[in-house]
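Undergrad: One structure, pasted below without further comment.
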Amino acid sequence: METKILSTKEIKKAAELIKNGEVVAFPTETVYGLGANALNPEAVKKIFKAKGRPSDNPLIVHISNLNQLKKIAFVNKKAKNLIKNLWPGPLTIILKKKKIVPKEVTANLESVAVRMPKNKIALKLIELSGVPIAAPSANISGKPSGTCFEDVLEDFNGKISAIIKSKHCDFGIESSVVDLTEKNPVLLRPGALSFEKLKKFLPNLVLHKGKTIAAKSPGMKYKHYSPKAKIILFEGLAKNKIREYKRKLEKSEKKVKIIKPANSKEFSKKMFMLFRKCDKKNIDYILIPSIEEKGIGLAIMNRIRKASTKIIKK
Ligand code: AMP
Ligand code: MG
149 METKILSTKE IKKAAELIKN GEVVAFPTET VYGLGANALN PEAVKKIFKA KGRPSDNPLI
209 VHISNLNQLK KIAFVNKKAK NLIKNLWPGP LTIILKKKKI VPKEVTANLE SVAVRMPKNK
269 IALKLIELSG VPIAAPSANI SGKPSGTCFE DVLEDFNGKI SAIIKSKHCD FGIESSVVDL
329 TEKNPVLLRP GALSFEKLKK FLPNLVLHKG KTIAAKSPGM KYKHYSPKAK IILFEGLAKN
389 KIREYKRKLE KSEKKVKIIK PANSKEFSKK MFMLFRKCDK KNIDYILIPS IEEKGIGLAI
449 MNRIRKASTK IIKK
């Protein structure tokens with residue numbers, strides 16, 4: 149299949165493809181998305197095929213207006229308040245789904261994940277398509293998320309109908325996912341919108357930990373965000389210990405890179421791209437010291453933990 153590279157002035161062409169049941173990669177403020185008409189099961193299946201994504205890992209449905217939300221989900225009071233204050237933005241909410249949403253999108257769950265992105269191109273694409281767009285991150289399943297055009301092209305050239313070529317994503321890390329289907333709200337996945345900010349609007353919000361996560365959000369059980377290089381996370385260890393570890397690996401002919409997250413906002417933007425760059429340089433090991441889990445640091449640490457093959461603690 150030929151993959152068309154569309155400029156941001158050609159969103160109409162991309163929207164036509166979505167209307168025709170094709171898959172198009174597009175930028176959002178978090179990461180690039182791999183989108184298709186959320187109400188067309190055959191189109192949605194193409195996303196899973198292109199990514200190699202397990203069919204029990206549900207997708208986020210992206211909308212551009214609240215009428216679309218009403219069509220696909222039952223909107224409760226908590227959701228209304230969040231939406232009023234935090235949409236459009238990097239926040240995904242889980243609500244009880246309506247019948248119109250195909251089971252392929254939600255992996256048979258009775259709930260649906262919904263987000264109204266802030267990125268103007270994403271919003272325009274949804275608007276012109278006239279349908280909600282189901283979209284996971286634009287990367288082959290298990291790999292670091294696609295946060296720039298080049299990385300999306302690398303994974304999907306020849307596999308999807310088109311890619312909208314735009315700048316590097318602003319946050320570079322996925323949306324925060326909040327479950328609003330239970331009595332108490334739960335942050336299933338920390339993301340670009342901080343836990344602290346969410347707490348302001350949801351004082352009872354708790355961070356989901358522990359093993360039951362797989363039942364609540366099936367996608368969480370899979371290997372995620374991993375480059376070919378092995379990532380080793382050092383939690384609370386002194387810098388010289390990390391350098392010592394590097395020397396030890398290098399003695400056995402391994403190519404090693406230490407990545408130090410200095411400014412967490414800048415780091416989150418470039419993290420997935422850096423992981424992919426290491427693969428291009430045939431790096432064997434990426435060593436990363438932990439950072440404080442506040443603000444976007446919580447999401448960064450969540451992704452590094454999931455991507456790592458080993459965590460070394462003090
Ligand atoms: P991705 O789009 O690849 O960043 O992944 C979307 C995330 O949202 C996955 O971890 C899914 O498990 C989660 N998700 C999507 N729909 C639901 C849902 N209905 N209930 C819980 N989690 C969901
Ligand atoms: Mg993903």
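Each residue of the sequence shown is one higher than the last, beginning at 149 in the working numbering. By construction, the Cβ of each residue, glycine as well, lies at the ideal position given by its N, Cα and C atoms.
My output table needs one value for Gly181: the three-state DSSP class, helix, strand or coil.
TA: DSSP places Gly181 in strand when its eight states are reduced to three.
Undergrad: My output table needs one value for Ala282: the three-state DSSP class, helix, strand or coil.
TA: Note: Ala282 maps to strand in three-state DSSP.
Undergrad: I'd like to know whether the C-beta atoms of Ile312 and Val172 end up nearer to each other than 9 Å.
TA: Cβ distance < 9 Å, so Ile312 and Val172 count as in contact.
Undergrad: Rounded to the nearest angstrom, how far is the Cβ of Asp427 from that of Ala377, given a contact under 8 Å?
TA: Their Cβ separation, rounded to whole angstroms, is 6 Å, which keeps Asp427 and Ala377 in contact under 8 Å.
Undergrad: Suppose the cutoff is 7 Å on Cβ atoms and the five residues either side in sequence are ignored; what does the same chain contact list for Arg346 look like?
TA: Residue identity check: residue 346 is Leu in the sequence provided, not Arg. Excluding positions up to five away in sequence, the list reads Ser324, Val326, Leu335 and Leu353.
Undergrad: Starting from the C-beta of Ala310, find all residues in its chain whose C-beta is less than 6 Å away, skip the five residues before and the five after it, and write them out in chain order.
TA: Cβ within range, chain order: Lys152, Leu154, Ala162, Leu165 and Val172.
Undergrad: What do you get for Ser365, buried or exposed, if any count of 16 or more other CB atoms within 10 angstroms of its CB means buried?
TA: Buried, since its Cβ has 16 or more Cβ neighbours within 10 Å.
Undergrad: DSSP three-state call for Tyr433: helix, strand or coil?
TA: Note: Tyr433 maps to strand in three-state DSSP.
Undergrad: Going by the C-beta, is Val171 closer than 8 Å to any heavy atom of the ligand ATP?
TA: Here the bound small molecules are the ligand AMP and the ligand MG; the ligand ATP is not part of this structure.
Undergrad: Please confirm whether any heavy atom of the ligand MG lies closer than 8 Å to the CB of Ser293.
TA: Result yes, Cβ under 8 Å from the ligand MG.
Undergrad: Would you say the beta carbon of Glu322 is closer than 8 Å to some non-hydrogen atom of the ligand MG?
TA: Glu322: yes, Cβ under 8 Å from the ligand MG.
Undergrad: So, for Pro189: in the same chain, excluding its five sequence neighbours on each side, which residues have a beta-carbon less than 7 Å away from its beta-carbon?
TA: Answer for Pro189: Pro250 and Glu252, listed in chain order.
Undergrad: Going by beta carbon distance, what residues of the same chain come within less than 8 Å of Arg453, once the five residues before and after it are set aside?
TA: So the qualifying residues of the chain are Leu381 and Ile459.
Undergrad: How many Å lie between Ala186 and Thr254 at the Cα?
TA: Cα to Cα, the separation comes out at about 10 Å.
Undergrad: For Phe319, collect the residues of the same chain with a Cβ closer than 7 Å to its Cβ; drop the 5 residues on either side in sequence, then sort them by chain order.
TA: So the list reads Glu177, Thr178, Pro238, Ala340, Ser416 and Lys417, once near-sequence residues are dropped.
Undergrad: Verify the contact flag: Asn205, CB atom, against every heavy atom of the ligand AMP, threshold strictly below 8 Å.
TA: Under cutoff, so the answer is yes.
Undergrad: In the DSSP output, what is Asp327 paired with across the bridge?
TA: Paired residue(s): Ile242 and Val334.
Undergrad: Should Leu214 be labelled buried (16 or more other beta-carbon atoms within 10 Å of its own) or exposed?
TA: It is exposed - the Cβ of Leu214 has fewer than 16 other Cβ atoms within 10 Å.
Undergrad: Residues in the same chain with beta-carbon distance under 7 Å from Arg263, minus the five sequence neighbours each way, listed in chain order, please.
TA: The answer, listed in chain order, is Ile208, His210, Leu239, Thr240 and Ser323.
Undergrad: Under the three-state reduction of DSSP, which class applies to Arg263: helix, strand or coil?
TA: If DSSP states are grouped into helix, strand and coil, Arg263 belongs with the strands.
Undergrad: Only counting the same chain, and skipping five residues up and downstream in sequence, which positions put a Cβ closer than 6 Å to that of Arg451?
TA: Contacts found: Tyr373.
Undergrad: Any idea if Ser212 is buried or exposed, counting beta-carbon neighbours within 10 angstroms, 16 or more meaning buried?
TA: Counting Cβ neighbours within 10 Å, Ser212 comes out buried, since at least 16 surround it.
Undergrad: Here's a check: name, in chain order, each residue in its chain whose Cβ is nearer than 6 Å to the Cβ of Glu441, leaving out the five neighbours to either side.
TA: Closer than 6 Å at the Cβ level, and outside the excluded window around Glu441, lie Met449.
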